[in-house]
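Colleague: There's a structure below that I have some questions on.
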Amino acid sequence: MAPGHRSILIAGAGTTGLTVALELARRGFRPRVVDNDVGPVPLAESRALGVNARTLTLLGPSRVTDAILQEAQQIAQFRATSEGRRLATVDTTKVPGRFSAIYALAQGHTERLLLSKLDDYEVDPEWQTAIEKVSGDAKPVVTLRKPDGTVETATFDIVIGADGAHSVVRKAVGIGFPGEALESSFYLADFRYKKEIDPHFIEMQLVDPGMIGRIPVERDVLRFISTLPDFETRIVHPGPVAERLWASEFRIHFRHVEEMAKGNVFLAGDAAHIHSPAGARGMNLGIEDACWLAYLISEGRESEYSRLRLPAVKTVLKQTRQLTMLIAMRNRLAISIRNLAVPVLFRLPAFQRRLLNGVAGYDTPPPPWIDGAL
Numbered sequence: 001m002a003p004g005h006r007s008i009l010i011a012g013a014g015t016t017g018l019t020v021a022l023e024l025a026r027r028g029f030r031p032r033v034v035d036n037d038v039g040p041v042p043l044a045e046s047r048a049l050g051v052n053a054r055t056l057t058l059l060g061p062s063r064v065t066d067a068i069l070q071e072a073q074q075i076a077q078f079r080a081t082s083e084g085r086r087l088a089t090v091d092t093t094k095v096p097g098r099f100s101a102i103y104a105l106a107q108g109h110t111e112r113l114l115l116s117k118l119d120d121y122e123v124d125p126e127w128q129t130a131i132e133k134v135s136g137d138a139k140p141v142v143t144l145r146k147p148d149g150t151v152e153t154a155t156f157d158i159v160i161g162a163d164g165a166h167s168v169v170r171k172a173v174g175i176g177f178p179g180e181a182l183e184s185s186f187y188l189a190d191f192r193y194k195k196e197i198d199p200h201f202i203e204m205q206l207v208d209p210g211m212i213g214r215i216p217v218e219r220d221v222l223r224f225i226s227t228l229p230d231f232e233t234r235i236v237h238p239g240p241v242a243e244r245l246w247a248s249e250f251r252i253h254f255r256h257v258e259e260m261a262k263g264n265v266f267l268a269g270d271a272a273h274i275h276s277p278a279g280a281r282g283m284n285l286g287i288e289d290a291c292w293l294a295y296l297i298s299e300g301r302e303s304e305y306s307r308l309r310l311p312a313v314k315t316v317l318k319q320t321r322q323l324t325m326l327i328a329m330r331n332r333l334a335i336s337i338r339n340l341a342v343p344v345l346f347r348l349p350a351f352q353r354r355l356l357n358g359v360a361g362y363d364t365p366p367p368p369w370i371d372g373a374l
């Protein structure tokens with residue numbers, strides 16, 4: 001059977017699932033995509049915001065990058081403050097290549113751009129279609145429940161679970177998801193302002209203990225994320241608020257599978273790993289999984305996927321855990337030492353390069369199918 005004629009089912013039409021579908025489609029495959037939701041994530045409820053340089057490189061061949069750059073806000077600076085004092089400033093444009101380290105674009109927008117490009121290949125997700133059962137892993141048999149309640153059973157050459165942290169596919173084939181959750185919760189709220197605000201920097205305010213982060217969403221929308229339940233009373237808004245758009249509370253987990261595949265069933269994105277939003281790596285790491293998996297399938301090398309991706313996953317989880325512990329400190333002595341050390345560290349060129357490489361996504365292996373990729 002020619003590689004392009006292999007039957008492939010993708011569970012999940014988020015950024016990871018849509019990316020693997022698009023990368024397969026542009027290589028001549030015609031994957032089938034199913035998702036239990038009614039459509040892409042609502043624009044006003046997008047958890048993921050950061051699009052890093054690695055993702056822009058990966059999405060270049062499909063031309064999604066051009067569309068992202070037209071809509072995204074370039075982040076030119078990262079700032080850290082404590083009690084009104086600037087601890088550190090990092091120029092996030094100082095990374096190799098044509099992109100800045102990080103851009104801001106709500107996940108809902110990114111999903112819609114991916115859907116638009118995928119439509120060029122006449123691949124449309126089947127919404128409100130749930131996976132009820134996956135049997136076997138060498139030649140997976142999948143039971144689907146359609147929107148009208150009818151049940152379909154079909155056999156596929158490859159099944160890809162990109163169906164989130166509670167992945168039905170992962171559970172069905174018996175792949176464990178070990179890890180732990182932080183004891184404390186995180187909180188976020190999005191605000192729209194009556195006038196445009198400066199969207200070109202991210203700021204982390206250390207309030208000791210705890211933090212409040214300011215992240216641009218659009219030219220007139222900011223997201224504030226914090227470790228403090230009462231953080232909204234502490235926000236210093238940059239102008240008159242037009243409306244409070246959305247708020248949420250969540251627990252942070254650090255988990256990853258021990259293997260990202262079992263037979264011809266593969267896992268990608270949150271189905272394989274979840275971690276802190278520190279460093280804006282979650283959605284980007286899932287997109288990276290998707291692009292590598294599509295490439296390996298097209299080369300007939302999909303059996304190498306887990307071996308090639310797990311080291312990258314472990315690298316990112318280690319980095320995000322370190323960043324999270326740094327901002328979530330509660331011990332007064334540790335906080336004092338951190339606040340003394342941060343300005344010194346951030347003045348060291350080697351430290352800044354390492355930090356920016358992580359934020360840009362350049363601390364994982366470059367894609368061999370893209371010439372000149374970092």
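Going by UniProt numbering, the letters in the sequence shown line up with residues 1 to 374, in that order. Beta carbons are placed, not taken as given, at the ideal position from N, Cα and C, and that holds for glycine. Bear in mind that the values here come from a model prediction, so they are computed numbers and not experimental data.
1) Pull up the distance between the alpha-carbon of PHE29 and that of HIS5, whole angstroms please.
2) In angstroms with no decimal places, state the Cα-to-Cα distance between PRO343 and ARG85.
3) Less than 6 Å between C-beta atoms, sequence neighbours within five positions excluded: which residues of the same chain meet that for ARG27?
4) Taking the C-alpha atoms as reference points, what is the distance between ARG170 and GLY176?
5) Relative to the alpha-carbon of ILE162, which residue among PRO178, THR65, GLU249, ILE131 has its alpha-carbon at the smallest distance?
6) Determine the direct distance from the alpha carbon of VAL41 to that of ALA138, and round the result to whole angstroms.
7) Is PHE307 helix, strand or coil when you go by DSSP?
8) Which residue comes first and which comes last in the beta strand (DSSP E) that contains residue 436?
9) Using 10 angstroms around the beta-carbon of ALA341, count the other beta-carbons present and answer buried if the total reaches 16, otherwise exposed.
10) Identify which residue in LEU206, SER135, PRO240 has its Cα closest to the Cα of residue 377.
11) When you compare the CB positions of GLN128 and SER46, do they come within less than 9 Å of one another, or not?
12) Identify, in the order they occur along the chain, each residue of the same chain with its Cβ nearer than 7 Å to the Cβ of THR315, setting aside the five sequence neighbours on each side.
13) If you scan the stretch 44 to 121 from start to end, which runs of the alpha helix (DSSP H) of 4 or more residues do you find wholly inside it?
14) Using a Cβ-Cβ cutoff of less than 7 Å, which residues in the same chain neighbour GLY210 once the five nearest sequence positions on both sides are dropped?
15) Excluding sequence positions up to five away, which residues of its chain have a Cβ less than 7 Å from the Cβ of LYS94?
16) Output the boundary residues of the alpha helix (DSSP H) element that contains TRP292.
17) Do PRO277 and ALA48 count as a contact pair if the criterion is CB distance below 9 Å?
18) CB-CB under 6 Å to GLY60, same chain, minus the five flanking residues each way: which ones, in chain order?
19) So, for HIS109: in the same chain, excluding its five sequence neighbours on each side, which residues have a beta-carbon less than 7 Å away from its beta-carbon?
20) Would you decide whether GLY269 is buried or exposed? Buried here means 16 or more other CB atoms lie within 10 Å of its CB.
21) Measure the C-alpha to C-alpha separation of ALA101 and GLN352 and round it to an integer number of angstroms.
22) Give a yes or no on contact between the stretch 149 to 167 and the stretch 4 to 20, applying the rule of three or more CB pairs nearer than 8 Å.
23) Candidates ARG112, ASP91, LEU69, GLU126: which alpha carbon is nearest residue 382's?
24) Please state whether DSSP places residue 392 in a helix, a strand or coil.
Modeller: Reading from the atomic positions:
1) Cα to Cα, the separation comes out at about 6 Å.
2) 11 Å
3) SER298
4) 8 Å
5) What sits at residue 162 in the sequence shown is Ala, not Ile. For the residues PRO178, THR65, GLU249, ILE131, the minimum Cα distance to ALA162 belongs to ILE131.
6) 32 Å
7) The sequence given here has Arg at residue 307, not Phe. Three-state DSSP puts ARG307 in a helix.
8) As displayed, the chain neither begins before 1 nor continues past 374, which places residue 436 out of reach and without an answer.
9) So ALA341 counts as exposed.
10) In the structure as shown, the chain starts at 1 and stops at 374, and residue 377 therefore has no counterpart that could be examined.
11) no
12) ASP363, THR364
13) 53 to 58, 64 to 71, 107 to 119
14) SER226, THR227, LEU228
15) For LYS94, where only same-chain residues beyond five positions count, the Cβ hits under 7 Å are LEU356.
16) 282 to 298
17) yes
18) Taken in chain order, the list of residues that qualify is empty.
19) LEU43, GLU71
20) buried
21) Going by the C-alpha atoms only, they are around 12 Å apart.
22) yes
23) Because residue 382 is not part of the residues shown, which for the chain are 1 to 374, the question remains open.
24) This structure leaves residue 392 out entirely; the chain is present only between 1 and 374.
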